[in-house]
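J.: Could you have a look at this structure, given as structure tokens, before my questions?
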Amino acid sequence: MTAAAPEPKANMGQPVPRYDAVSKVTGRATYASDMPLANPAYAFLVTSAIAKGRVDSFDVDDARRVRGVIDIVTHENAPKLKESKLFSNGGYAGTTIQPLKSADIAHDGQIIAVVVAESYEAAREAANRVKVGYTAATPSATFDSPGTTTAAAKGQNAMFKEDPKVGDFAKAFQDAEVQLTAAYETPTQHHNPMELFSTSCVWMGDNLVIYEPSQYLYGLKNGVAEQLGIDADKVRVVNPYVGGGFGSRGSMTPRTAIIAGIARRLNRPVKLVPTRDQGFTIATYRAETRHEIRLGASRDGKLVALRHDGAEVSSRPDAYCVGGTKTTTRLYACPNVDSLVSIVRADRNTPGFMRSPPEVPYLFALESAMDELAVKLNMDPVELRRINDTTTEPIGGKPYTSRSLMACFDEAAKAFGWSQRSPAPKSMSDGDWLIGYGCAATCYPTQMAPSAARVRLQRDGRTRVEIAGHEIGTGAYTVIAQTAAERLGVPLEKVSVFMGDTELPPAPVAGGSNSTASTCSAVMMVCDQVRQRLFKAVMPADSLTDRAKETVGMGQTPTAQAARSDRPLDIEKAFDALGVGVVEEYGEWKPDGAPLDSFKAMHSGHARLVGGAAMKDRIAYAFGAEFVEVRVNRFTHEIRSPRLVGAFAAGRIMNPRTARSQLMGGLIWGMSSALLEVTEIDERYARYVNDNLADYLVPVNADVPDVEVILLSEQDDLINPAGAKGLGELANVGTNAAICNAIYHATGQRIRKLPVRLENIEV
Amino acid sequence: MRPFQYQRASDASAAVQALGAAAGNNSPLTQATAQPLAGGTTLIDLMKLDVMRPAAIVDINPLAQGWSAIEPGSDGLRLGALARMSDVAAHDEIQRFYPVIANSLKLAASAQLRNMATLGGNVMQRTRCSYFRDVSHDNCNKRHPGSGCAAMEGVNRMHAVLGTSDQCIATYPGDFAQALIALDATVEITGRSGIRSMPFADLHKAPGNSPDIETTLQPGELISAFAVPGRWPRSVYLKARDRQSYEFALSSAAIALDVQDGVIRDARVALGGVATVPWRAHDAEALLKGQKFNDDMAERAADAAFAGAVGRRHNSFKIALGKRVVARALQQAAMMEI
Ligand SMILES: Cc1cc2nc3c(=O)[nH]c(=O)nc-3n(C[C@H](O)[C@H](O)[C@H](O)COP(=O)(O)OP(=O)(O)OC[C@H]3O[C@@H](n4cnc5c(N)ncnc54)[C@H](O)[C@@H]3O)c2cc1C
Ligand code: SF4
């Protein structure tokens with residue numbers, strides 16, 4: 010295990026401990042349901058036990074008799090709400106299935122009633138006593154279920170713009186010296202963040218305050234306002250800490266407007282804390298996917314043809330898809346590429362973002378196939394990647410802003426001891442255990458979005474940074490504080506960061522790993538505005554040369570160098586010259602290539618993410634390489650992965666401690682997505698069966714005794730002023746393939762469907 | 038969860054009085070209106086899930102002083118029903134003379150649960166069948182006799198292949214009970230008319246036509262202790278599961294051997310994770326007794342252990358897995374240095 014606080018290398022910040030560490034470990038950090046409310050009523054959800062059909066009747070007599078019950082809200086008496094569009098169609102919602110609108114049921118576990126009572130216990134008891142009569146229809150659960158419909162993603166999902174292709178795949182594949190065709194599958198998975206999907210709504214006159222774990226405060230604010238038909242200025246969302254999100258809190262769920270509507274009617278704060286199993290159906294999840302990969306290569310390992318077909322499950326009304334072909338078609342040099350993504354509609358809740366949404370399933374397929382190809386070619390899988398490494402992506406011929414993929418492979422291979430691997434399958438063992446080594450590449454698009462910030466500096470150096478960013482556990486408070494301290498030249502202890510409140514300047518969705526790059530770039534820019542005012546005060550106007558202007562950061566996008574080459578500013582002298590005690594600046598930053606409406610969209614809760622493969626003249630990704638040791642028991646066939654090693658390069662590492670923590674968690678999650686995590690669906694009923702943390706397995710400490718994270722030094726001045734590539738979603742990608750590749754090495758058995766469990770092993 | 042009355046039992050007779058008085062209506066123990074509370078790690082869980090809805094719970098923790106014995110003797114072992122799993126697992130002499138017991142406890146649940154949970158509660162823990170634990174499923178014969186069994190044609194990877202009936206295929210999930218049944222333990226029961234003892238093997242009932250009746254315990258009866266005759270230093274508990282810790286068995290074997298001069302004098306084989314009740318494999322034992330141990334025999338014994346097994350859509354693998362687990366556990370026991 011590497012040290013918790015790795016020594017910073019070139020272009021890395023200090024590994025300072027988390028700003029909020031003490032309050033978190035002492036329980037003082039306030040999560041949404043910790044917020045004290047005056048005289049709240051408690052809501053408890055009743056969810057449907059069928060996946061398709063309608064509610065015929067509610068028998069609520071027994072429930073109403075429970076002492077303390079205030080109201081039982083069903084579609085017959087629910088507050089009227091406006092419809093919300095899906096986020097991908099310009100709306101805010103993660104689903105357009107609006108519960109309590111009618112008696113119709115579109116998926117398992119849909120909200121069909123809300124019991125409101127004087128206490129949580131009374132609400133829960135009454136909810137248990139509500140009897141529901143249904144007319145059930147036979148639902149379509151998943152792939153291959155009768156009644157599903159399948160169509161190409163392009164044309165039905167506005168965010169899925171193209172099926173990347175180049176050259177003539179069919180011919181090149183046919184002519185290729187070596188061919189591989191293989192099909193892969195990934196399972197349904199749920200985020201299961203520790204914090205439940207709670208929400209509390211408090212009205213003060215016409216103004217609403219929402220306490221809810223959110224990865225997009227401004228999106229939630231605007232979305233709920235739209236559903237309630239009120240002005241967004243009247244809605245405030247407060248959420249200083251998020252108890253894990255992993256994508257599940259990126260778009261609005263229907264529960265919030267429902268609870269807000271009930272609170273308005275009752276004229277009383279209403280608090281909802283749903284159960285763990287309800288979280289499986291009232292929010293989103295990672296849908297199951299299927300893939301077919303075709304690779305054609307020359308004998309010496311050069312890819313000549315690549316085709317990736319993906320299929321994903323979504324709900325009946327919503328064409329959600331992750332469409333990871335935008336990444337898998339561009340990862341390696343290959344002149345002839347084709348791809349197609351399809352969506353299969355079933356009677357399910359709408360899926361949504363889950364940590365590295367496209368890359369986790371799509372790179373599982375590609376990186377497994379690369380390993381299979383290496384076996385066919387009798388070639389070291391690392392060398393196969395080296396042969397096909399590229400500095401320009403093959404679809405549009407755009408250059409990568411930086412790409413340290415092979416450096417990552419080399420560092421990780423060395424640390425792992427890859428050279429000790431004897432390549433033949435089944436050739437390594439230790440007592441009862443067959444041993445396999447496997448590796449895979451990971452990558453994640455570098456994304457940025459417009460962000461605002463306010464910075465206030467006092468004469469004594471005390472600094473206050475305000476931004477409606479999201480602390481989802483990544484260390485956002487910490488790196489923002491570091492950024493401001495460094496940029497202003499004040500000690501870190503003097504910087505306070507305020508986040509998690511829509512009263513503060515807007516920040517983008519904490520999704521797509523854009524947060525650090527976006528918020529820190531905005532904070533840097535506003536710090537420069539502060540410095541500029543101070544500088545002007547101490548410098549006679551005519552001495553303010555163009556060069557000085559540049560070095561104090563008057564440009565719209567200050568560069569990282571500008572800060573460093575600055576001469577120190579005597580803050581106290583500058584304040585005296587200005588004749589004030591406080592300087593405060595507000596600014597709005599947007600990345601290169603952001604659309605014209607970016608700032609307006611930022612305020613109205615639409616994040617305009619740019620970057621990755623979607624840029625005009627270049628392509629920006631973070632890269633990494635992962636190596637795993639797998640052990641398969643000869644007798645029980647139990648599969649364990651006692652050693653995970655990853656090396657990653659992601660531009661400037663703002664804080665090696667928080668970065669390592671993200672990457673370590675990612676490696677563990679990646680292993681988990683290969684060996685443990687699956688939401689089991691009862692296909693007869695289209696219902697999730699293991700919807701709790703005892704049956705939905707995630708790793709325990711004993712599963713991950715040794716995890717090593719190596720941070721590579723990388724500098725990239727072409728991405729954003731902070732020079733940072735998002736890394737929160739980097740390490741959990743590719744691990745699933747590395748595990749299966751290692752299982753092949755251990756057992757000689759190729760497994761193409763996740764999760765891999767002991768019954769899948771035949772040794 | 039529903040409102041309930043909470044009583045603390047001042048002594049054993051008050052406890053059984055309180056439990057018996059409330060019972061009254063002849064319903065099976067699992068439906069009785071009063072339930073004893075030990076560590077609460079099963080009971081409270083099932084109450085929160087609305088699966089168990091007792092009107093009263095009788096907290097028996099005040100009896101801990103008299104009921105927490107861990108007493109290994111030269112001719113046998115006595116364990117109080119309120120001894121905590123963690124205390125028994127960590128006990129030196131249990132580890133030395135009864136490794137199968139120590140390991141069945143150590144490999145169960147999590148450290149936090151083992152600190153709370155008691156031996157009595159442990160053997161009385163109820164199935165983890167997802168359909169049983171989710172009351173939104175109407176069809177569960179164990180919860181509602183006659184309503185059907187959702188697991189039979191549903192997601193049944195964790196379910197049993199031995200001791201099933203056409204009414205219920207739910208697995209008995211615990212680990213410790215396999216050690217007890219293998220070692221011919223007796224269970225001491227305290228009721229309103231005093232104390233009685235019976236073979237532990239008679240405690241659990243296979244589902245048959247009444248899966249709602251899980252044990253032979255009556256309302257108003259409490260397990261007060263377990264007794265294990267003899268010492269079994271050559272014993273192992275092998276558990277195969279999806280993750281390295283904190284997970285129920287897909288298949289487990291409790292094995293105890295008495296080997297003298299290379300000959301197996303006595304053999305005990307019990308199976309976990311694969312059967313509806315703690316499962317003793319008598320046929321496997323018979324094959325082993327009086328023989329010299331070898332790998333081939335271990336495999337034949339394992340085959341015998343699963344002779345009547347019936348697999349279903351997702352759990353057929355347990356038959357092959359279970360055999361390998363038994364064979365390997367037998368080898369491990371035979372190879373033990375003691
Ligand atoms: C997430 C999780 C994982 C687990 N994993 C495992 C595992 O791997 N292996 C394993 O073996 N177990 C496992 N368990 C189960 C755990 O071991 C049991 O819940 C625990 O042993 C029960 O003991 P308790 O004292 O808490 O019982 P309680 O919950 O207090 O009682 C359980 C039942 O027994 C009754 N009862 C309690 N004491 C007595 C008595 N003296 N006489 C008669 N009836 C009594 C109660 O009324 C109740 O119905 C797990 C549990 C959880 C929650
Ligand atoms: S297996 Fe038993 S407990 Fe599970 S659903 Fe069937 S009857 Fe109920």
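Same order as they appear, the protein sequences are chains U and E. With the first letter of the first sequence counted as 1, position 616 gets the number 625 in our numbering; the numbers rise by one all the way through. With the first letter of the second sequence counted as 1, position 338 gets the number 375 in our numbering; the numbers rise by one all the way through. Glycine is no exception: its CB is placed at the ideal position from the N, C-alpha and C atoms. All values derive from a computational prediction rather than experimental measurement.
When you compare each of Ala102(U), Gly77(U) and Thr144(U) to glycine 614(U) by their alpha carbons, which one comes out closest?
T.: Position 605 of the first sequence holds residue 614(U). Closest option to glycine 614(U), Cα to Cα, is Ala102(U).
J.: With burial defined as no fewer than 16 other Cβ atoms inside 10 Å of the residue's Cβ, what is the status of proline 202(U): buried or exposed?
T.: By one-based count along the first sequence, residue 202(U) stands at place 193. Proline 202(U) is buried by the Cβ-count criterion.
J.: Just to make sure I have the definition right: I need the residues of chain U whose C-beta is within less than 9 Å of the C-beta of alanine 277(E). Which are they?
T.: For this step, residue 277(E) is matched to residue 240 along the second sequence. Under the 9 Å cutoff, chain U gives Asn642, Phe644, Thr645, His646, Glu647 and Leu767.
J.: Closest by CA to serine 288(E), which one among Phe354(E), His241(E), Asp87(E) and Cys205(E)?
T.: The residue given as residue 288(E) occupies position 251 in the second sequence. Nearest C-alpha to serine 288(E): Phe354(E).
J.: I'd like the list of long-range same chain contacts for arginine 278(E), defined as Cβ closer than 7 Å, with 5 residues on each side in sequence excluded.
T.: Taking the first residue of the second sequence as position 1, residue 278(E) is located at position 241. Cβ within range, chain order: Glu284, Phe285, Ala286 and Leu287.
J.: Given that a residue counts as buried once 16 or more other Cβ atoms are within 10 Å of its Cβ, and exposed if not, what is lysine 360(E)?
T.: As a first step, residue 360(E) must be located in the second sequence, where it is residue number 323. Buried, because 16 or more other Cβ atoms sit within 10 Å of the Cβ of lysine 360(E).
J.: Below 8 Å on C-beta distance, what does proline 40(E) contact in chain U?
T.: The residue given as residue 40(E) occupies position 3 in the second sequence. Correct list: Glu130 and Glu134.
J.: CB-CB under 7 Å to threonine 334(U), same chain, minus the five flanking residues each way: which ones, in chain order?
T.: Locating residue 334(U) in the first sequence gives position 325, where the first residue counts as 1. Asp172, Pro173, His317, Gly319, Ser348, Val350 and Tyr371.
J.: Which value, in whole angstroms, describes the spacing of the CA atoms of alanine 755(U) and lysine 311(U)?
T.: Counted from its first residue, the first sequence places residue 755(U) at position 746. Counted from its first residue, the first sequence places residue 311(U) at position 302. Going from the Cα of alanine 755(U) to the Cα of lysine 311(U) covers about 27 Å.
J.: Valine 363(E) and alanine 339(E) - do their beta-carbons sit closer together than 8 Å?
T.: Within the second sequence, residue 339(E) is the residue found at index 302, counting from 1. Within the second sequence, residue 363(E) is the residue found at index 326, counting from 1. In this structure, valine 363(E) lies closer than 8 Å to alanine 339(E) by Cβ.
J.: What three-state label does DSSP hand lysine 625(U) in the structure shown?
T.: Mapped onto the first sequence, residue 625(U) falls at position 616. Coil, per DSSP.
J.: For glutamate 689(U), which residues in chain E fall below 7 Å Cβ to Cβ?
T.: On the first sequence, residue 689(U) is found 680 positions in, with the first residue counted as 1. Here the neighbours are Val192.
J.: If isoleucine 352(U) and glutamine 165(U) are in contact, beta carbons under 8 Å, what's the gap, nearest whole angstrom?
T.: By 1-based counting over the first sequence, the position of residue 352(U) is 343. By 1-based counting over the first sequence, the position of residue 165(U) is 156. So it is a contact: roughly 7 Å between Cβ atoms.
J.: Taking the alpha-carbon of glutamine 538(U) as reference, which of Glu502(U), Asp419(U) and Ala461(U) has the nearest alpha-carbon?
T.: Taking the first residue of the first sequence as position 1, residue 538(U) is located at position 529. Checking every option, the nearest Cα to that of glutamine 538(U) belongs to Ala461(U).
J.: CB-CB under 6 Å to alanine 101(E), same chain, minus the five flanking residues each way: which ones, in chain order?
T.: Residue mapping note: residue 101(E) aligns to position 64 of the second sequence, counting from 1. Answer for alanine 101(E): Leu119, listed in chain order.
J.: Have a look at aspartate 309(U) and glycine 348(E) and give me their C-alpha separation to the nearest angstrom.
T.: Position 300 of the first sequence, counted from the start, is the residue given in the question as residue 309(U). Position 311 of the second sequence, counted from the start, is the residue given in the question as residue 348(E). One C-alpha to the other measures close to 48 Å.
J.: Buried or exposed for leucine 109(U), please, with buried defined as at least 16 other CB atoms from any protein chain shown within 10 angstroms of its CB.
T.: Working through the first sequence from its first residue, we reach residue 109(U) at position 100. It is buried - the Cβ of leucine 109(U) has at least 16 other Cβ atoms within 10 Å.
J.: Give a yes or no on whether the minimum CB-CB distance between asparagine 699(U) and chain E is below 8 Å.
T.: Counting from one through the first sequence, the residue named residue 699(U) turns up at place 690. Taking Cβ atoms only, chain E reaches closer than 8 Å to asparagine 699(U), which makes this a yes.
J.: When DSSP builds the beta bridges, which residues end up paired with phenylalanine 507(U)?
T.: Along the first sequence, read from residue 1 onward, the residue named residue 507(U) stands at position 498. Paired residues: Glu475(U).
J.: Name, in chain order, the residues that DSSP records as bridge partners for phenylalanine 169(U).
T.: Here residue 169(U) is taken as the residue at index 160 of the first sequence, counted from 1. BP columns for phenylalanine 169(U) are empty, so no partner.
J.: In terms of alpha-carbon separation, which member of Asp286(U), Ala162(U), Val123(U) and Val69(U) lies closest to serine 173(E)?
T.: Here residue 173(E) corresponds to residue number 136 of the second sequence, with the count starting at 1. The shortest Cα separation from serine 173(E) among Asp286(U), Ala162(U), Val123(U) and Val69(U) belongs to Asp286(U).
J.: Taking Cβ-Cβ distances below 9 Å as the criterion, which residues of the region 135 to 147 of chain U are in contact with chain E?
T.: Here the close residues are Asn137 and Arg138.
J.: Taking Cβ positions, are glycine 621(U) and valine 346(U) nearer each other than 8 Å?
T.: Sequence index remark: in the first sequence, residue 621(U) carries index 612 (1-based). Sequence index remark: in the first sequence, residue 346(U) carries index 337 (1-based). No, the Cβ-Cβ distance between glycine 621(U) and valine 346(U) is not below 8 Å.
J.: Between proline 148(U) and the rest of its own chain, which residues show a CB-CB distance below 6 Å, the 5 nearest in sequence each way excluded?
T.: Numbered from 1 along the first sequence, position 139 holds the residue referred to as residue 148(U). If we look at proline 148(U) and ignore the five residues flanking it on each side, its Cβ neighbours are Ala60, Lys61, Asp356 and Ala695.
J.: Please report whether the beta-carbon of leucine 706(U) lies at a distance below 8 Å from any beta-carbon of chain E.
T.: Taking the first residue of the first sequence as position 1, residue 706(U) is located at position 697. So, interface residue.
J.: Using a Cβ-Cβ cutoff of less than 8 Å, which residues in the same chain neighbour serine 307(U) once the five nearest sequence positions on both sides are dropped?
T.: Looking up residue 307(U) in the first sequence gives position 298. Excluding positions up to five away in sequence, the list reads Ala185, Glu186, Val187 and Val313.
J.: At which residue ranges does the region 38 to 84 of chain E contain complete alpha helix (DSSP H) runs of 4 or more residues, listed in the order of the chain?
T.: With a minimum length of 4 residues, the continuous alpha helix (DSSP H) runs that stay inside the region 38 to 84 of chain E are 49 to 60.
J.: Hey, how far is the Cα of threonine 568(U) from the Cα of glycine 655(U)?
T.: Your numbering for residue 568(U) matches position 559 in the first sequence. Your numbering for residue 655(U) matches position 646 in the first sequence. Per-residue confidence for threonine 568(U) stands at a pLDDT of 37, beneath the threshold of 50, marking its modelled position as unreliable; the derived number appears in the next sentence. Those two C-alpha atoms are separated by around 30 Å.
J.: Does any C-beta atom of chain E lie closer than 8 Å to the C-beta of alanine 746(U)?
T.: Your numbering for residue 746(U) matches position 737 in the first sequence. Alanine 746(U) does not count as touching chain E.
J.: With 8 Å set as the bound, which would you pick, yes or no: does the beta-carbon of serine 173(E) sit closer than that to a beta-carbon of chain U?
T.: By one-based count along the second sequence, residue 173(E) stands at place 136. It does: the Cβ of serine 173(E) has a partner Cβ on chain U nearer than 8 Å.
J.: For aspartate 347(U), which residues does DSSP report across the bridge?
T.: Position 338 of the first sequence, counted from the start, is the residue given in the question as residue 347(U). Aspartate 347(U) pairs with Arg316(U).
J.: Between glycine 709(U) and chain E, is there a C-beta pair that is closer than 8 Å?
T.: Position 700 of the first sequence, counted from the start, is the residue given in the question as residue 709(U). Note that residue 709(U) corresponds to valine in the displayed sequence, not to glycine. With 8 Å as the cut-off, valine 709(U) counts as an interface residue toward chain E.
J.: Using a beta-carbon distance below 8 Å, is methionine 563(U) in contact with chain E?
T.: By one-based count along the first sequence, residue 563(U) stands at place 554. With a pLDDT of only 39 at methionine 563(U), under the threshold of 50, the placement of this residue in the model should not be trusted; the figure read from the coordinates follows. No, its Cβ sits nowhere closer than 8 Å to a Cβ of chain E.
J.: What are the partner residues of tryptophan 316(E), as DSSP defines its beta bridges?
T.: Locating residue 316(E) in the second sequence gives position 279, counting from the first residue. Tryptophan 316(E) pairs with Leu308(E).
J.: Taking cysteine 536(U) as part of the beta strand (DSSP E), name the residues at either end of that continuous run.
T.: What you label residue 536(U) is simply residue 527 of the first sequence in a count that begins at 1. It is not in any beta strand (DSSP E) - cysteine 536(U) instead sits in the alpha helix (DSSP H) that spans 524 to 547.
J.: From the DSSP output, in three-state form, read off alanine 12(U) for me.
T.: Walking along the first sequence from the start, residue 12(U) turns up at place 3. Alanine 12(U) falls in the coil class under three-state DSSP.
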